[in-house]
Each structure stands twice: as C-alpha cells, then as structure tokens.
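Each protein sequence line maps, in turn, to chains R and A.
Under the UniProt record's numbering, the very last position in the first sequence is 243; numbers go up by exactly one each time.
Under the UniProt record's numbering, the very last position in the second sequence is 243; numbers go up by exactly one each time.
Glycine included, C-beta positions come from ideal geometry on N, C-alpha and C.
Since the structure comes first, as structure tokens, the remarks are kept for the end.
There are 2 protein chains.
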Amino acid sequence: MFSSELPLYYQLMEEIKKMIDEECECHDSIPSEHKLMDYYRVSRTTVRKAIEELVNQGYLYKVHGKGTFVSGNSIGQGLVNLTSCTEDVKNMGLSQHYDLLAEEVILSNKRISDHLHIRHNQPVFHLERVSYGDDTPINLTHSYIPYDFVPDIDQYDFGENSLYQILKEQYHIKLTESVRSFEAILCNQPLSEQLHVCEGTPLIKFIGQVKGILPTGEEKQIEYFVTYYRTDTVKFFVKQVNQ
Amino acid sequence: MFSSELPLYYQLMEEIKKMIDEECECHDSIPSEHKLMDYYRVSRTTVRKAIEELVNQGYLYKVHGKGTFVSGNSIGQGLVNLTSCTEDVKNMGLSQHYDLLAEEVILSNKRISDHLHIRHNQPVFHLERVSYGDDTPINLTHSYIPYDFVPDIDQYDFGENSLYQILKEQYHIKLTESVRSFEAILCNQPLSEQLHVCEGTPLIKFIGQVKGILPTGEEKQIEYFVTYYRTDTVKFFVKQVNQ
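The following block contains the structure:
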C-alpha cells in the first residue's frame with residue numbers, strides 16, 4: 001500500500017494520523033507494534049520511528065508498561081497566530097529562548113539590497129538566530145537592517161534581547177507594516193542540524209519585508225527577513241473576519 | 001557539494017536560484033548545460049530537470065537558439081493574498097477553472113463531525129475540486145457542509161460555479177469568519193497526479209473552518225475544508241498593518 005518515493009515512516013505516520021482522525025477517541029490505545037508491523041508490512045524500526053514522531057508532534061502519548069494512547073482532539077491544539085508568533089509561544093506556556101548563530105555587520109549583496117531598497121555593498125546588520133519553545137527549535141531567522149538606521153546595534157546581546165524591542169526602545173523606530181510571502185521547501189543538511197529534523201522534512205519558508213518610521217519622520221524599508229519554520233510541532237493559523 | 005538525502009535536481013535548483021538572487025540581473029544569460037554539468041558534477045538529465053522546473057516557476061525563460069535567461073526581479077512576482085486567492089489569480093490575468101473530482105452527499109465521520117460541530121453519521125455535502133490558473137493546477141480542495149443547511153446543493157454544477165457565491169445567492173448564508181491553520185507536507189502519489197508535481201514535492205496543507213449566519217439568524221459552523229497548495233508557481237503573502 002506504500003509508494004517507494006516517500007520515506008516509509010512518513011507514510012506510516014500519515015496512515016496512523018488518518019486512523020486517529022477518522023476512528024479514535026481521546027485516550028484510546030493504538031494497536032501494538034506487532035499488529036502495526038503485520039498490518040502495514042513494515043519493519044519494527046519503521047513503526048518505532050513513526051510512533052516516536054507522532055509522540056513528538058503531540059498526537060500520541062506513552063504510558064510506561066501500558067502502551068501508546070491517542071492524545072485527544074487535535075483540532076486547535078498548539079495553534080499559533082502567524083503574525084504574533086513569539087507572544088503566542090509564550091502564551092502556550094513554553095519558555096522562549098534563542099540560539100545566536102550570527103550577529104555582524106556585512107555588505108549588502110544584490111538580494112539584500114533589492115529587498116531593503118538600498119544600493120549594493122552598503123553596511124547592513126545581519127542577525128541569525130534559532131528560536132526555541134522549551135527545548136524544541138521552532139524556526140531559524142535571518143534578519144537584515146540597513147546599518148545607517150541602527151548604528152552600533154551589534155553591541156546588544158541578541159541571545160537575550162528582542163530585536164523589535166531594541167528597534168523601538170533604543171532607536172525609536174516605529175514599525176508600521178509587514179508583508180510576508182511563504183512557500184513549502186525541503187529541509188537541507190545545514191538547516192536539519194539547526195532545526196533538529198531529518199533532511200528532506202517539509203518546512204515553510206517565509207520571506208518578509210517590514211516598513212517603519214524613523215525618528216526623522218521618514219517611512220523606510222527597515223527589515224528584510226527569511227525564516228524557516230518547522231510545522232510539525234507548532235501549527236500556524238490565519239484568521240479572517242468578513243465585513 | 002550535494003547531499004544524498006534530497007533529490008539532486010532539487011538541490012541544483014536551489015543553487016541556481018541562489019546564484020540568480022545573489023549575482024544576476026534581469027535578462028542575464030545563465031551558464032550552458034555543459035558548464036553547469038562540469039561545475040556541479042551532475043548529469044545532463046539533472047541539469048535539464050532543474051532548468052525545466054525553474055522555467056515553470058518563472059525564474060528563467062528560454063529563447064530558441066539563444067539560451068536560457070533570468071526572468072528579472074522575482075520579488076513580489078506572482079504573489080497572491082492568502083485570503084482572496086481566487087480573485088487574485090484572476091487579477092494576475094490567469095484564467096481560472098475547476099476540475100470537478102467529487103460532488104456528493106456522504107455521512108460525516110468523526111473528523112468531519114468534529115470540525116463541523118455536528119453528530120456523527122449526519123448527511124454532509126462533499127465537494128472535491130482542483131483549481132487551475134491557466135493550465136497549471138494550483139490547489140486541490142475538499143469542502144464539507146452540513147446538508148441540512150444546503151438542501152439540494154448537489155444539483156448545481158460545481159465544475160463552473162463558485163461555492164461561496166451559491167451559498168450567498170441561493171441559500172442566503174452570510175459567511176462571517178474563517179480560521180485556517182497550515183503546515184508543510186510531502187506530496188503523496190494520488191495528490192501528485194492531481195497537482196501535476198513529483199511525489200515528495202513539498203506542499204502546504206490548509207485546514208479551515210468557516211462560520212456563517214443562516215437565514216434563521218443563527219451563527220453556525222458552515223464549512224470545513226482541507227486544501228493542498230502547490231507553492232512553486234504561485235506564492236502567498238500575508239500583510240499586517242500595525243496600529
């Protein structure tokens with residue numbers, strides 16, 4: 001019943017999720033490893049990897065010596081509003097912290113210049129961080145800001161500080177608008193190490209442009225960012241209200 | 001330089017996109033097939049598949065007997081607002097039509113009942129369609145609506161008609177709010193046939209719940225939908241304005 005193109009454990013996960021969605025109630029036990037191996041004709045390793053992933057994703061939970069159980073109604077669980085991710089992660093009761101990978105001033109290449117509406121080879125502040133919810137990486141973000149707008153910003157410790165708070169409080173920049181586009185991509189090797197997922201895992205890539213008003217009153221392109229999000233543990237939502 | 005985990009053509013595409021973003025101007029020619037084969041140490045088949053995909057995605061264009069060229073600044077090209085997709089696809093000058101896969105009344109299973117807040121085994125209208133922009137599939141959507149709210153809706157031809165227009169004009173239902181969550185997934189075999197992409201291509205899956213007001217004045221959960229989107233040809237954006 002499985003195809004040869006996708007990882008087997010991934011296909012088995014999808015089958016088990018479907019079974020849970022269609023048939024199971026909260027706290028139902030799921031079939032034993034042996035039954036799953038027989039029914040789906042896969043190895044013990046594949047069954048274990050699929051179950052482990054589903055436990056990580058919150059679909060299942062294990063009770064030592066008892067078995068594996070369905071976590072309950074997954075609708076609306078772990079949903080995070082796309083445009084207020086940091087706050088929502090905190091509101092979910094997860095502790096939020098960063099792993100700082102780069103904090104430096106670089107010269108803008110063509111791509112960065114185009115997004116920030118500046119000339120090539122201009123000094124730009126570059127910040128690269130992995131954002132965690134408890135011990136799980138949630139996303140990796142590259143931010144770029146024209147250095148002229150934020151002189152000496154590389155003096156702050158961005159292992160601790162919120163970028164937007166520093167922009168607001170120290171540089172008196174009022175952010176006015178953000179536009180982000182998104183697409184699905186496959187996780188490559190460097191990203192897989194930072195986000196703790198297998199290579200080939202589907203991720204969402206956001207490209208964002210943020211406008212703001214400088215203390216001089218001018219409205220400018222303040223930030224360009226690229227974010228790679230895992231969507232297996234935290235899911236996003238967008239709400240729309242019709243007039 | 002390539003890893004063994006991801007399809008080679010996919011990794012080559014990413015490298016060429018990076019080269020375009022960092023170094024190329026609009027209408028620059030890109031290196032010949034031979035040069036790309038030598039430089040990246042890949043086969044002609046891999047180079048051709050990567051180039052073909054980049055042409056499909058609008059990054060490159062071909063001129064017969066001349067070569068392959070960069071399409072220009074891709075920022076903001078082909079962006080579609082997530083919450084008004086159908087209109088935006090039309091506004092981009094693409095002709096929009098549907099491929100109707102299912103239009104039927106079924107009994108609700110646990111998953112459908114949970115999302116629509118109804119009891120199990122209730123009659124539900126199920127619509128499954130692939131939405132096209134010109135000749136390219138953009139998404140596949142399953143919609144579910146309690147049949148009590150829309151008696152005889154299966155008489156309409158949804159190969160032609162807009163679902164929301166029929167709800168509004170024929171059933172006098174005023175849609176008030178939609179919430180959609182999204183995650184990145186890998187395309188499986190049945191989806192790959194409907195969306196004309198390779199198995200294993202990353203897609204975005206939306207799960208949506210739409211509320212509305214019935215002619216009686218009651219506000220109810222009107223629709224539950226699941227949509228699988230390609231993001232290689234059309235990209236979505238979300239805009240946020242700060243108060």
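Which residues in the same chain as residue i place their Cβ atom closer than 7 Å to its Cβ, once the five residues preceding and following it in sequence are excluded?
i, result
"isoleucine 112(R)", "Val124, Tyr144 and Tyr224"
"alanine 50(A)", "Tyr9, Leu12, Met13 and Ile16"
"threonine 176(R)", "Lys211, Gly212, Ile213 and Glu219"
"leucine 163(R)", "Leu127 and Ser143"
"isoleucine 118(A)", "Ser108 and Pro146"
"leucine 100(A)", "Arg129, Phe158 and Gly159"
"isoleucine 75(A)", "Residue placement at isoleucine 75(A) is flagged as unreliable, the pLDDT there being 45, under the threshold of 50; a coordinate-derived value is accordingly withheld."
"valine 55(A)", "Tyr61 and Lys62"
"glutamate 103(R)", "Leu127, Asp154 and Phe158"
"leucine 36(A)", "Val47"
Take the Cβ of residue i as the centre, count every other Cβ of all protein chains shown within 10 Å, and call the residue buried at 16 or more, exposed below.
i, result
"residue 254(A)", "The structure shown does not extend to residue 254(A), since chain A is modelled only from 1 through 243, so no value can be given for it."
"methionine 19(R)", "exposed"
"glutamine 209(R)", "buried"
"arginine 230(R)", "buried"
"proline 215(R)", "exposed"
"valine 63(A)", "exposed"
"histidine 115(A)", "buried"
"tyrosine 39(A)", "exposed"
"aspartate 152(R)", "exposed"
"tyrosine 59(A)", "buried"
"cysteine 24(R)", "buried"
"isoleucine 169(R)", "In the sequence on display, residue 169(R) carries glutamate and not isoleucine. Exposed."
"glutamate 22(A)", "exposed"
"glycine 65(A)", "exposed"
Does any residue of chain D have a CB that is nearer than 8 Å to the CB of residue i?
i, result
"alanine 102(A)", "Protein chains in the displayed structure are R and A, and chain D is not among them."
Beta-carbon within less than 6 Å of residue i's beta-carbon, same chain only, minus the 5 sequence neighbours each way: which residues are those?
i, result
"serine 181(A)", "Ile207"
"leucine 107(R)", "Asn121"
"tyrosine 171(A)", "Val150"
"leucine 167(A)", "Ile173"
"glutamate 53(R)", "Met13"
"proline 137(A)", "Val130, Leu195 and His196"
"glutamine 189(A)", "Glu199"
Which whole-angstrom value is the C-beta distance of residue i and residue j, which I expect to be below 8 Å?
i, j, result
"aspartate 195(R)", "tyrosine 147(R)", "One detail in the question is off: residue 195(R) reads as leucine in this sequence, not aspartate. At roughly 28 Å, the Cβ-Cβ gap does not stay under 8 Å, so leucine 195(R) and tyrosine 147(R) are not in contact."
"leucine 140(R)", "leucine 94(R)", "No, leucine 140(R) and leucine 94(R) are not in contact; Cβ-Cβ is about 17 Å, not under 8 Å."
"glycine 133(A)", "glutamine 96(A)", "6 Å"
"aspartate 154(R)", "valine 105(R)", "6 Å"
"glutamate 199(R)", "glutamate 5(A)", "4 Å"
"phenylalanine 237(A)", "valine 179(R)", "6 Å"
Residues in its own chain within less than 8 Å of residue i by CB, not counting five upstream and five downstream?
i, result
"tyrosine 98(R)", "Arg129, Val130, Ser131, Tyr132, Phe158, Gly159 and Glu160"
"histidine 34(A)", "none"
"lysine 110(A)", "His120"
"tyrosine 156(A)", "Ile166 and Gln170"
Okay, do the segment 198 to 217 of chain R and the segment 180 to 189 of chain R touch, 3+ Cβ pairs below 8 Å being the bar?
Enough Cβ pairs lie closer than 8 Å, so yes.
Should the segment 30 to 46 of chain R be regarded as contacting the segment 206 to 225 of chain A, the criterion being three or more beta carbon pairs within less than 8 Å?
Per the Cβ contact rule, the segment 30 to 46 of chain R is not in contact with the segment 206 to 225 of chain A (fewer than 3 Cβ pairs under 8 Å).
Is the segment 15 to 35 of chain A close to the segment 54 to 70 of chain A, with three or more CB pairs under 8 Å?
Three or more Cβ pairs drawn from the segment 15 to 35 of chain A and the segment 54 to 70 of chain A lie within less than 8 Å of each other, which places the two stretches in contact.
May I ask you to list, following chain order, the residues of the segment 93 to 124 of chain A that have a beta carbon less than 7 Å from some beta carbon of chain R?
Only those residues of the segment 93 to 124 of chain A whose C-beta falls short of 7 Å from the nearest C-beta of chain R are listed: Asn109, Lys110, Arg111, Asp114 and His115.
Anything in the segment 170 to 203 of chain R with a Cβ closer than 9 Å to a Cβ of chain A? List those residues in chain order, please.
Within the segment 170 to 203 of chain R, the qualifying residues are Lys174, Leu175, Thr176, Glu177, Ser178, Val179, Arg180, Ser181, Phe182, Glu183, Ala184, Ile185, Leu186, Cys187, Asn188, Gln189, Ser192, Cys198, Glu199, Gly200, Thr201, Pro202 and Leu203.
Which residues, in order along the segment 123 to 154 of chain R, keep a beta-carbon less than 8 Å from a beta-carbon of chain A?
Residues: none.
Taking a cut of 7 Å between CB atoms, which residues from the segment 19 to 35 of chain R lie near chain A?
From the segment 19 to 35 of chain R, only Asp21, Glu22 and Glu23 have a Cβ closer than 7 Å to chain A.
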